[in-house]
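Down below is the structure, laid out as structure tokens.
Number of protein chains: 2
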Amino acid sequence: MIEYTKCGSNDQCVEVIKNAIRNKELLIIFGKCTVDYQGRAASKLTEGERFVIIKQDGAIIIHRPTGYSPVNWQPNTSVIEVVERDNKIVITAIRNKPREIVWVYFSEIYGVIHGKLVDLGEFVMYMDENEIRDILYENPELIEKGLRFLEKEKSIGNGYADLFGVDKNNTPVIIEIKRISASREAVLQLFNYVKIYENMTGVKPRGILIAPNFTSSAIESIHKLGLEYKEINLQLLWKYKKAKEAKHGTLLEFFQKK
Amino acid sequence: MIEYTKCGSNDQCVEVIKNAIRNKELLIIFGKCTVDYQGRAASKLTEGERFVIIKQDGAIIIHRPTGYSPVNWQPNTSVIEVVERDNKIVITAIRNKPREIVWVYFSEIYGVIHGKLVDLGEFVMYMDENEIRDILYENPELIEKGLRFLEKEKSIGNGYADLFGVDKNNTPVIIEIKRISASREAVLQLFNYVKIYENMTGVKPRGILIAPNFTSSAIESIHKLGLEYKEINLQLLWKYKKAKEAKHGTLLEFFQKK
DNA sequence: TATTATATCTCGGGT
DNA sequence: ACCCGAGGTATAATA
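Residue numbers (the numbering used here), protein chains in the order written: chain Z, -14 to 243; chain X, -14 to 243.
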């Protein structure tokens, strides 16, 4: 399953590492190294103790002893090469599109973990933007009385508006949803759709930004650009979803039961 | 430096893990587990073989055997708790701001790596947006003859324009830089600054988007919104920087030498 | 393949 | 503490 090799000689190390890569095993190398990167940008990392993860699909992640983010990485490798040179073990990881190369120079390897992991587990994420969008689509009254949705992910210009519908006066409504906090960036996104829609159809639609909260400059921009916003409560949305899943009886009955 | 423990009993495992966390060591646990997460969103992961990294500052990263991205994580933990319950080893990682919890339930632990890594290395990144901005600031002729820059990261409204200056006619120029490809999003960003500047000063500035290349819809939007764009060559910028670093003689001399 | 928008984005810098 | 914007962002979805 998982084997640990405490590296004695470099030769032995290289052998273990090469075998693990050839067999597409998970491989983690602990040691002292420097790292170079060149591709979309370029970086240098001077010597220190780190660990390099090479996954079963060739993804490479280099971690320092602290912090969430890897210091260097290579998501899609086309070639992983391991050689000994100048008394260092050099790992070269090449990616083709875009063309990028990561070099790890180990002056010392403390140990190597390798083995095949089997993971057929299912990952499910709740309350991401898609789910919020779907709940709102099913329950337009959460936004405004008389609102009817006509389309999810409506293609407008080259982009996609989260929701599209008409209000009680049959005025088109374009809706942009943010799951956490809506900043000015979200306002600009919405404004873009509104403008393009107006240009293409000659009809000026309403643009409503929906989020659990808004930055002050977002609200400022909303006013300046003639848009609207509405705060939503994620927990309420969640209740609506659960009520719908329960499927027995109406929403009213559901909440009375609780 | 690094020690590997092949776990026999659960009790022994828990002891090793607790010690490593208490001593703020790097800790990697290999085994079969399920993972739950609740916080900004929520997720469930059914059983499979994974490894959990707990770093020396408490950052937690849970990786499946393939792919660059972790399946679950916790960047800033305030509490990490390890207990045995129902014959499972449960790791609970709590973050306070925002309030989020990750639970890992190990039904089996294959082995544990732990130890203190020392990493004082320096990481330097080249040709990120800051560097490009600085080179352009020093060399406005790369964009246009007669252009003079007055400010970097100029605060406009609630945001920041990359560069601000005046052209040969003393017309204000706002510049937005993208390091790789400029999409419509970048155009909107620039448009936002231009609009706000115009609103605040009554003077209509030029807005120039600068990037090594542009998506077709970006260029379309640029024309529609009355903005401008200019393609730059990163390698040329790099040469300018190197020339400046060389410091002996003029740019002309530098290029003649090559 | 290129483009678009999301992300439990993370992270750093500024106010 | 909030807000803003970059990132070698990666990743998924869509034309």
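Backbone N, C-alpha and C fix where the C-beta goes; we use that ideal spot for every residue, glycine too. It should be emphasised that the depicted structure is a prediction, and the values quoted were computed from it without experimental measurement.
Check                                                                                                                 : Outcome
X:I98 beta carbon near the ligand MG (any heavy atom closer than 8 angstroms)                                         : The model depicted lacks the ligand MG and carries no ligand whatsoever.
Reduced DSSP category for X:S247 - H, G, I as helix; E, B as strand; rest coil                                        : There is simply no residue 247 of chain X to check, as chain X begins at -14 and stops at 243 in what is shown.
Closest Cα partner of Z:E32 within the set Z:S92, Z:N72, Z:A78                                                        : Z:S92
Residue interval of the beta strand (DSSP E) (run including Z:A27)                                                    : 27 to 39
Min CB distance Z:K77 to chain X below 9 angstroms                                                                    : Looking at the sequence provided, one finds Thr at residue 77 of chain Z rather than Lys. Chain X, which has no Cβ nearer than 9 angstroms to the Cβ of Z:T77, makes this no.
Through-space distance from X:G52 to Z:K101, alpha-carbon basis                                                       : 14 angstroms
Z:P55 beta carbon less than 9 angstroms from that of Z:I47                                                            : yes
C-alpha distance - X:K227 paired with X:K153, whole-angstrom precision                                                : 28 angstroms
Euclidean distance between Cα positions of X:Q174 and Z:P83                                                           : 26 angstroms
Minimum Cβ-Cβ distance from X:T186 to chain Z less than 9 angstroms                                                   : no
Any chain Z beta carbon closer than 9 angstroms to X:I165                                                             : yes
Under 9 angstroms between C-beta atoms of Z:K(-8) and Z:G106                                                          : Note that residue -8 of chain Z corresponds to Cys in the displayed sequence, not to Lys. No. Outside cutoff.
Inter-residue Cα distance where the pair is X:W88 and X:I45                                                           : 11 angstroms
Short CB-CB distance (under 9 angstroms) between Z:G33 and chain X                                                    : yes
Length of the line joining the Cα atoms of Z:S9 and X:R35                                                             : Going by the sequence as given, residue 9 of chain Z is Lys instead of Ser. The straight-line gap from Cα to Cα measures roughly 15 angstroms.
Start-to-end residues for the alpha helix (DSSP H) that takes in Z:A231                                               : 219 to 231
Any beta strand (DSSP E) of 3 or more consecutive residues that is wholly inside the region 89 to 141 of chain X      : 108 to 111, 133 to 141
Continuous alpha helix (DSSP H) assignments of at least 4 residues falling wholly in the region 155 to 230 of chain Z : 169 to 186, 201 to 209
Collapsed DSSP secondary structure at X:V(-1) in the structure displayed                                              : helix
Expected contact under 8 angstroms - CB spacing of Z:A167 and Z:I159 to nearest Å                                     : Wrong, their Cβ atoms sit about 15 angstroms apart, outside the cutoff.
CB contact below 9 angstroms: Z:Q241 versus chain X                                                                   : The predicted position of Z:Q241 is uncertain, since its pLDDT is 47 and thus under 50; a value taken from the coordinates is nonetheless stated next. Judged by the 9 angstroms Cβ criterion, Z:Q241 is not in contact with chain X.
Span separating the alpha-carbon of Z:D113 from that of Z:P197                                                        : 13 angstroms
Beta-carbon proximity check, Z:L121 vs Z:F108, cutoff 9 angstroms                                                     : no
Status (buried if at least 16 other CB within 10 Å, exposed otherwise) for Z:Y111                                     : exposed
Inter-residue Cα distance where the pair is X:I195 and Z:N115                                                         : 33 angstroms
Buried/exposed call for X:S(-6), threshold 16 Cβ in 10 Å                                                              : exposed
X:L194 at chain Z interface by Cβ criterion, 9 angstroms                                                              : no
Distance CB(X:L148)-CB(X:K139) smaller than 9 angstroms                                                               : yes
Straight-line Cα distance separating X:S202 from X:A171                                                               : 11 angstroms
Straight-line Cα distance separating Z:T200 from X:V280                                                               : Past the edges of chain X, shown from -14 to 243, lies residue 280 of chain X, and the structure says nothing about it.
Chain-ordered chain X contacts of Z:L105 [CB-CB under 7 angstroms]                                                    : G33
Cβ neighbours of X:S28 in the same chain (closer than 6 angstroms, five flanking residues each side left out)         : Y22
Start and end residues, beta strand (DSSP E) containing X:I45                                                         : 45 to 48
Beta carbon proximity, X:A228 to chain Z, threshold 9 angstroms                                                       : no
Contacting residues, own chain, Cβ-Cβ under 7 angstroms from X:K40 (five flanking each side not counted)              : L11
Bridge partner(s) assigned by DSSP for X:R70                                                                          : X:K73
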